[in-house]
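This report refers to the structure that appears directly beneath it.
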Amino acid sequence: MLIKILLGTLLFVGAVFLLLYMMIFVRWKKRKKFDFDQETEDKRAENYPPPYPNGWFNLCSARDVKKGKVIEVEALGQKFAVFRGEDGKVGVLDVYCPHLNANLAEGCVKGNNVVCPFHGWEFNKEGKCAKIPYSDTVPKTAKTKAWEVKENWGLILIWYHSENQVPTWHTDGHFEEIKNYKFHSKSSDILRIHLQDFAENGADYAHFGVVHNILTIPFAHHFINVNHICNIEFGEGDKSHMAYFTDIAELAKKSTNQKIEHAGGKATVTFFGPGFLIFEFTTIIGCLTLIKTFTPLGKLKVRMEDHVYAPKGTFGLAIKYILGEASAQFHDDISIWEKKNFAAKPLLVKEDGPIMQMRAWYSQFYTENSRMA
Ligand code: FES
Ligand SMILES: [Fe+2]
Numbered sequence: 081m082l083i084k085i086l087l088g089t090l091l092f093v094g095a096v097f098l099l100l101y102m103m104i105f106v107r108w109k110k111r112k113k114f115d116f117d118q119e120t121e122d123k124r125a126e127n128y129p130p131p132y133p134n135g136w137f138n139l140c141s142a143r144d145v146k147k148g149k150v151i152e153v154e155a156l157g158q159k160f161a162v163f164r165g166e167d168g169k170v171g172v173l174d175v176y177c178p179h180l181n182a183n184l185a186e187g188c189v190k191g192n193n194v195v196c197p198f199h200g201w202e203f204n205k206e207g208k209c210a211k212i213p214y215s216d217t218v219p220k221t222a223k224t225k226a227w228e229v230k231e232n233w234g235l236i237l238i239w240y241h242s243e244n245q246v247p248t249w250h251t252d253g254h255f256e257e258i259k260n261y262k263f264h265s266k267s268s269d270i271l272r273i274h275l276q277d278f279a280e281n282g283a284d285y286a287h288f289g290v291v292h293n294i295l296t297i298p299f300a301h302h303f304i305n306v307n308h309i310c311n312i313e314f315g316e317g318d319k320s321h322m323a324y325f326t327d328i329a330e331l332a333k334k335s336t337n338q339k340i341e342h343a344g345g346k347a348t349v350t351f352f353g354p355g356f357l358i359f360e361f362t363t364i365i366g367c368l369t370l371i372k373t374f375t376p377l378g379k380l381k382v383r384m385e386d387h388v389y390a391p392k393g394t395f396g397l398a399i400k401y402i403l404g405e406a407s408a409q410f411h412d413d414i415s416i417w418e419k420k421n422f423a424a425k426p427l428l429v430k431e432d433g434p435i436m437q438m439r440a441w442y443s444q445f446y447t448e449n450s451r452m453a
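Residue numbers (the numbering used here): 81 to 453.
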């Protein structure tokens, strides 16, 4: 009887501890921060592929650009004026006014146009000067670069192509389930990596058993192994900009490596070109969808954002736990990426996974001019 009471108390204390841990620590686990020396970073960047591949990239959240407002956003080695007209539509222009280079993001929005703060020239969403307040004429050449823009999943995305080609694929029609999902949170981080490192991670099967083999639950690594079964496939034809990765993470007893049924989880990742992907986590305690975006800011400098959604009614603690585990895994990867170099000719064995196929898929996003950036 006494043993039963003791065991019951122990189990109860253990469960409370685990719950508190999930609520507090997993959520706040921070990643390792390194000091970077610019000279070393410039040298490291020389070995990597070009910093700005072609594709759709996340500039900012739709809610950051209120109706009738203009903001400045830095991305892709330049600055943009992002504004929302009274019609609710978003325009993205080069930030510097073509007249005398004042900053358009310091101006204001009038109707559906952005107004330069220096001499009051007005530009529409197509980049055309619609009005010069002190002149009867507007020269035909009075225009600035307007970027192709889309609003999807609460993000403002622009099409970047170093040869100025029109979009070869579109972002509409994906993740329609979002209507039944609830937005949970957004996080943003600046990483000293090349965005291709993230894509290669999915094809690098061998690192899962080394970097992602433990849970964040304290002491669990003494008893539990995490085994990953990974697979990646590449889209073809009009889906050639897409890739599909799955990772089934099974938990096994450390002593016997016997699988623990109904534990573990599955991650499905859909890549949409180089700039963003949709992560879907399925576990016994709940499901989570993460829209992960990578926007290059400069050489080996990337803004990574996580936009977290869960089906309505998902238990809040389950979301925090899955998110905590996922972020901890990403943080372990980032610590490696930020300190690594680019192996142009890696020394591989067959168990390493389809790293070179991933590179071949990724190379479609570089064209002649991207190599000059
Ligand atoms: S610099 Fe913009 S109107 Fe003159
Ligand atoms: Fe990884």
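We treat Cβ as the ideally placed atom computed from N, Cα and C, and that holds for glycine.
Nearest to residue i by CA position, among the options, is which residue?
i    : options                   : result
A347 : L368, T375, K223 and F303 : L368
R383 : E154, W136 and L91        : E154
T120 : H387, K379, Q444 and S450 : K379
K262 : T89, N127, Y389 and L235  : Y389
K110 : G135, H342, S267 and E152 : S267
N134 : L90, V175 and Q245        : Q245
E186 : A408, F163, N204 and G345 : F163
E228 : F445, I340, K381 and P247 : P247
L275 : G355, G344, G317 and C209 : G355
L272 : F410, K149, K381 and N260 : Checking the displayed sequence, the identity of residue 272 turns out to be Arg instead of Leu. R272 has its Cα closest to that of K381, out of F410, K149, K381 and N260.
Note down, in chain order, each residue of its chain lying with its Cβ closer than 7 Å to the Cβ of residue i, except the 5 sequence neighbours on either side.
i    : result
R107 : Interpretation of R107 is limited by its pLDDT of 48, a score under 50 that renders its predicted location unreliable; the figure taken from the coordinates is listed afterwards. Answer for R107: K400 and G404, listed in chain order.
I435 : E280, A283, D284, P426 and L428
G168 : K147
Y446 : P129, P130 and P133
Following the continuous beta strand (DSSP E) through residue i, name the residue where it begins and the one where it ends.
i    : result
S450 : That residue, S450, is in no beta strand (DSSP E); it is neither H nor E in DSSP.
W239 : L235 to Y240
L403 : Premise fails: L403 lies in the alpha helix (DSSP H), G396 to W417, not in any beta strand (DSSP E).
K346 : G345 to F352
K230 : V229 to N232
R124 : No beta strand (DSSP E) holds R124; the alpha helix (DSSP H) holding it covers Q118 to N127.
K381 : K381 to P391
Q158 : Q158 to R164
Y324 : M322 to K333
V170 : V170 to D174
S215 : No beta strand (DSSP E) holds S215; DSSP gives it neither H nor E.
K266 : Y261 to L271
Taking the Cβ atom as the reference point for each residue, do residue i and residue j lie within a distance shorter than 9 Å?
i    : j    : result
P156 : A226 : For clarity, residue 156 is Leu in the given sequence; the question names Pro instead. In this structure, A226 does not lie closer than 9 Å to L156 by Cβ.
K223 : G207 : yes
D413 : V291 : yes
A323 : N307 : no
I304 : A286 : no
Y132 : Y240 : yes
I151 : A161 : yes
Quick check: is any heavy atom of ligand 3 less than 8 Å from the C-beta of residue i?
i    : result
N281 : In the structure shown, ligand 3 is absent; the only ligands present are ligand 1 and ligand 2.
Measuring only from the beta carbon, is residue i closer than 8 Å to any heavy atom that is part of ligand 2?
i    : result
H306 : First, the residue type needs correcting, since residue 306 is Val and not His in the sequence shown. No, Cβ of V306 sits at least 8 Å from all heavy atoms of ligand 2.
H292 : yes
F395 : no
F374 : no
Q276 : no
Say the cut is 8 Å; is the CB of residue i nearer than that to a heavy atom of ligand 1?
i    : result
F244 : Inspection of the sequence shows that residue 244 is occupied by Asn rather than by Phe. No.
F34  : It is not possible to answer for residue 34, since the shown part of the chain is limited to 81 through 453.
N449 : no
N421 : no
W249 : no
L184 : yes
F198 : yes
N311 : no
At what residues does the alpha helix (DSSP H) containing residue i begin and finish?
i    : result
N311 : No alpha helix (DSSP H) holds N311; the beta strand (DSSP E) holding it covers I304 to F314.
W441 : I435 to Y442
E280 : L275 to A283
F288 : F288 to V291
Counting only beta-carbon atoms, is residue i nearer than 9 Å to chain D?
i    : result
T248 : Going by chain labels, chain D is absent from the structure shown, which holds only one protein chain.
Within its chain, find whatever has a CB closer than 6 Å to the CB of residue i; leave out the 5 residues flanking it on each side and keep chain order.
i    : result
V394 : Note on residue identity: the sequence assigns Thr, not Val, to residue 394. Answer for T394: G366, listed in chain order.
I371 : W233, I358 and H387
S335 : none
R439 : none
T375 : F137, N138, A155 and R383
N293 : V306
C140 : V153 and I236
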